[in-house]
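In full-length UniProt numbering, the protein residues as written are 1 to 754. Ideal Cβ positions, reconstructed from N, Cα and C, are used throughout, including at glycine. Just so it is clear, the structure is predicted and the values come from calculations on it, not from any experiment. Below is one structure, written out as structure tokens; the observations come after it.
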Amino acid sequence: VLHSFYVVFRSSIEIQEPVSEIRDDVIEVNPANVQALEPVAELPHSPAPSAKSTPHTTPKTSMKFKKEGKETKPFEFGKSKFSSKHEVVKRGKSVEVKLESLKLTKEDTLRIVVLPPRRNQLSAAVDTQPELETKVKRSGSKYEITFKPVDVGTHKVFAYVNEIQHPLSPFPIRVYDSGEIIVGEIPAQSNLNDTVEFTVDAGRAGFGNLEMAIKDADGIIIPSHVAQLESGTAKFLVTFTPTSRGPHTVNITFNKEVLKNSPFEVLITDPPAPLNDTVDGTGSPSLSKKEMKKEKEDKKKEEKERVKREKEEKGATLKKDKKSRHRVVSKTSVTKIPSLSRVGQPSNIIVEVAGHDQLEIVITDSKKNQIGTELIEIEPGVMQVNFTPQVVGDHDIEVKYGGVPVTPIPFTCRAYDPAKIKVGTIPKGLLEKPVYFTVDASEAGVGNLEVAVNDGRVPSMAHALGQHRYDISFVPKENVDHTITIRFNNEPVPGSPFTCQLVAAAQASASGPGLERVPVDEPTEIKIQTIASEAQPEVRVRDPMGIDLPVEIMPSEKDKTVCTVKYTPKCVGNHQVDISMLGEPIAGSPFTAKAYDARMALLSECDHAVVGKPCTFAIDAARAGAGNMEIIVSVDNHNVPNFVQAEGQAKFKVSFTPQEAKEHVISVRFNGVSVPGEFICSPMKCMVEKASSTAVTPAVTSPVATELSSVTRNSSEEISKYSLTKELENAQVFFVVFLDKLSVLGIYLSNSLQ
């Protein structure tokens with residue numbers, strides 16, 4: 001079951017990327033919640049579309065049919081499954097879905113159908129539902145399905161073998177378009193200490209990460225607050241209160257794409273000097289700044305209350321008029337259906353019926369089990385259907401009247417459960433030192449996840465780990481215990497509010513390479529400083545599989561308050577280091593050490609190299625761990641520009657265009673260690689041939705199209721250096737390109753917080 005949800009980090013939640021700008025307020029947006037009556041495409045258990053609805057371009061692996069008269073056995077799908085590198089893609093970009101381990105005979109027929117999201121087509125017949133053109137490439141028992149989505153929303157990939165639907169289909173592909181995000185009017189100028197507010201509507205943009213950061217004139221992120229305007233929608237109100245003068249910028253990105261016109265600028269100035277009021281020729285004293293601010297807030301409050309009151313009166317009038325009119329229903333329809341429902345709590349659907357036929361409601365949960373319903377007539381011709389979801393996930397609601405479906409495809413209601421939110425251990429903190437903890441929302445379903453430290457007064461940072469898991473961090477500025485409030489769909493998660501206890505810095509501290517990046521199969525050290533010579537630290541190191549590693553604790557002979565801990569990692573991945581004194585964890589514990597293995601990075605051989613034409617080679621660092629990849633292409637001791645393109649899953653393609661018919665040397669180092677390779681080792685030699693007289697030298701452009709975030713200078717080489725960011729599936733990658741010299745590639749695995 002695929003879960004999708006959007007996340008709102010209250011107040012000043014900043015998204016910190018390894019190199020690029022720090023982002024604020026992460027919001028994963030699912031547009032399906034915006035339209036309450038939007039149905040979903042065909043269910044896995046529903047009948048296959050008729051042959052009439054399938055265009056002639058639909059690919060088939062075989063056009064043979066079984067002979068008549070023979071008994072047809074049901075097809076066994078076995079362990080076949082769908083997969084895709086990117087389940088969230090940009091509109092207009094080709095998508096590749098793999099159907100693996102599907103064993104077909106010569107007599108079996110495979111049919112692939114890709115349905116786009118439905119928009120305002122509730123009355124359309126199933127046969128008229130458009131299908132996207134697809135291409136299918138077969139390789140043994142693996143099928144590669146390619147199509148290009150043109151609409152925002154969830155596209156569904158169906159597979160039929162001998163007209164029997166695959167049990168794991170439809171396979172969803174979510175499509176987004178950052179150009180559909182609407183940013184409300186942001187004031188160009190505001191006063192010091194006045195609240196600045198604007199709206200962001202991502203309801204039509206599709207599924208993805210909406211990131212915001214408010215920065216002052218010095219480029220420092222300031223606290224902000226994000227509030228959902230309407231439950232179940234992707235419309236938000238963003239507010240912040242500037243406390244310093246000068247230009248402030250509002251930086252907004254969606255799925256790492258910078259929005260049009262972003263960053264937006266707001267000039268913060270001193271409030272205008274108050275004027276003296278004159279009555280009968282005598283001047284009254286001017287209002288103080290505090291009084292003026294209060295007066296302004298009161299006027300704003302009165303205006304909001306007036307608008308709210310008018311809205312309520314209008315709604316009551318419409319409701320009264322509706323009841324007073326004689327109800328004439330010409331067609332049975334669903335007038336209310338919840339987009340979100342809480343697990344274990346009642347929810348309901350409203351159906352207006354035309355006639356006296358039987359109304360049937362079938363609700364199927366995410367595990368394909370039907371759940372019970374209760375029908376109540378709340379007024380003539382209006383039926384209320386009550387149900388209570390028991391599991392997290394999408395619930396398909398099929399409504400039939402007189403045996404005929406009210407809509408050609410079922411509706412969807414998404415069930416959530418705040419009790420499924422898992423919060424990691426909150427460590428003790430030190431003043432002015434970052435505190436880290438994790439929040440796992442992968443099993444909670446769709447909803448708003450809100451994290452606030454001291455009611456939002458303390459800025460927080462979030463780092464996406466993938467699969468709806470986040471690393472949250474904040475820096476205590478006051479030597480008091482901090483309260484962490486975590487809510488899901490405005491409900492406290494289990495254990496909330498949490499407390500982070502601050503301890504004295506003198507209790508104990510740990511440092512050293514053993515708490516950072518560590519090479520596999522090489523001993524590493526941790527230095528522990530205590531305040532009492534008789535106190536002995538307790539140290540436990542666990543590898544990614546939870547296995548305890550042997551540790552050696554050696555007190556210093558010169559200083560009894562210092563000891564050294566040694567251990568040797570045996571596999572790639574995050575190692576948890578727990579350090580405690582007298583049974584209590586020290587500040588910062590548990591620590592995370594990232595083990596890497598340069599021997600696991602693979603280097604492929606260069607293509608045929610010709611002067612003036614791009615030459616490429618590949619690097620596979622998927623199994624090497626976290627670290628920096630240095631790439632140097634040189635000829636005659638001077639470097640050649642090279643460009644890095646992410647292929648997904650920590651695999652990269654490197655290209656360069658030689659200008660001389662000479663031997664080029666390619667050096668690849670991972671965390672300073674030369675990549676040994678399986679068949680090819682670094683440094684690798686590449687012989688470049690002369691171009692033929694008829695060859696046309698192509699224009700060379702960088703395959704990496706990303707945002708420039710910083711520019712620095714190398715004082716000795718005078719080389720321009722650009723830092724670029726790009727997010728991959730389950731990995732975050734940043735590129736540091738030294739033009740004409742060196743490429744450095746930093747790889748951050750999904751569970752690594754830099």
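Do residue i and residue j have their CB atoms nearer than 9 Å?
i    : j    : result
V266 : I376 : no
V541 : Q576 : yes
F158 : V114 : yes
S83  : E100 : yes
H155 : S80  : no
D620 : S604 : yes
K85  : G648 : yes
V668 : S674 : yes
K685 : E663 : yes
T239 : Q189 : no
K93  : K142 : no
Q659 : V644 : no
V307 : V351 : no
Between residue i and the rest of its own chain, which residues show a CB-CB distance below 6 Å, the 5 nearest in sequence each way excluded?
i    : result
A441 : I421, L449 and H468
Q501 : K428 and D481
V475 : P434
T616 : D607, K653 and S655
P338 : S347 and C413
T364 : Q370 and D396
V562 : Q529 and S556
P117 : D151, G153 and T154
S509 : Q529
Quick check: what's the CA-CA separation for residue i versus residue j?
i           : j    : result
E409        : E398 : The identity of residue 409 in the sequence shown is Ile, whereas the question assumes Glu. Spanning the two alpha carbons is a distance of roughly 7 Å.
S460        : E144 : 42 Å
residue 791 : T485 : Past the edges of the chain, shown from 1 to 754, lies residue 791, and the structure says nothing about it.
N386        : C413 : 13 Å
T568        : N574 : 13 Å
F147        : D455 : 46 Å
D597        : G78  : 36 Å
K527        : V88  : 44 Å
G403        : I361 : 10 Å
K293        : F236 : 25 Å
P492        : N261 : 37 Å
D357        : T335 : 18 Å
T195        : T241 : 5 Å
residue 777 : A595 : In the structure as shown, the chain starts at 1 and stops at 754, and residue 777 therefore has no counterpart that could be examined.
F437        : V688 : 51 Å
T407        : I221 : 48 Å
R23         : S244 : Only weak support is given to the placement of R23: the predicted model assigns it a pLDDT of 36, under 50, and the value that follows is read from those uncertain coordinates. Distance between the alpha carbons of R23 and S244: 20 Å.
R309        : Y401 : 39 Å
A650        : A618 : 11 Å
A234        : L340 : 13 Å
I'd like the list of long-range same chain contacts for residue i, defined as Cβ closer than 8 Å, with 5 residues on each side in sequence excluded.
i    : result
F488 : Y416, P418, I421, A441, A444, G447, N448, L449 and E450
E525 : G512, P513, G514, T564, V565 and K566
N479 : L431 and L502
M366 : The identity of residue 366 in the sequence shown is Ser, whereas the question assumes Met. Taken in chain order, the residues that qualify are V1, V391, V392, G393, D394, H395 and A415.
Evaluate residue i with the Cβ neighbour count: other Cβ atoms within 10 Å of its Cβ, from every protein chain shown; 16 or more gives buried, anything less gives exposed.
i    : result
D396 : buried
E295 : exposed
N209 : buried
N642 : buried
D277 : Here D277 scores only 45 on pLDDT, less than 50, and its place in the model should not be relied on; the value that follows carries that caveat. Exposed: under 16 other Cβ atoms inside 10 Å.
S496 : buried
L229 : exposed
E630 : buried
L259 : buried
So, for residue i: in the same chain, excluding its five sequence neighbours on each side, which residues have a beta-carbon less than 7 Å away from its beta-carbon?
i    : result
A593 : G514, L515, E516, V518, H575 and V577
M600 : V572, R623 and A624
V175 : V89, R91, P149, D151, V152, G153, H155 and G206
### Task
For the stretch 426–433 and the stretch 581–596, state whether three or more C-beta atom pairs, one from each stretch, are separated by less than 8 Å.
yes
### Message
For the pair the stretch 210–219 and the stretch 128–141, tell me if three or more CB-CB distances fall below 8 Å.
### Response
no
### contact_flag[the stretch 175–185, the stretch 196–208] where n(CB pairs < 8 Å) is 3 or more
yes
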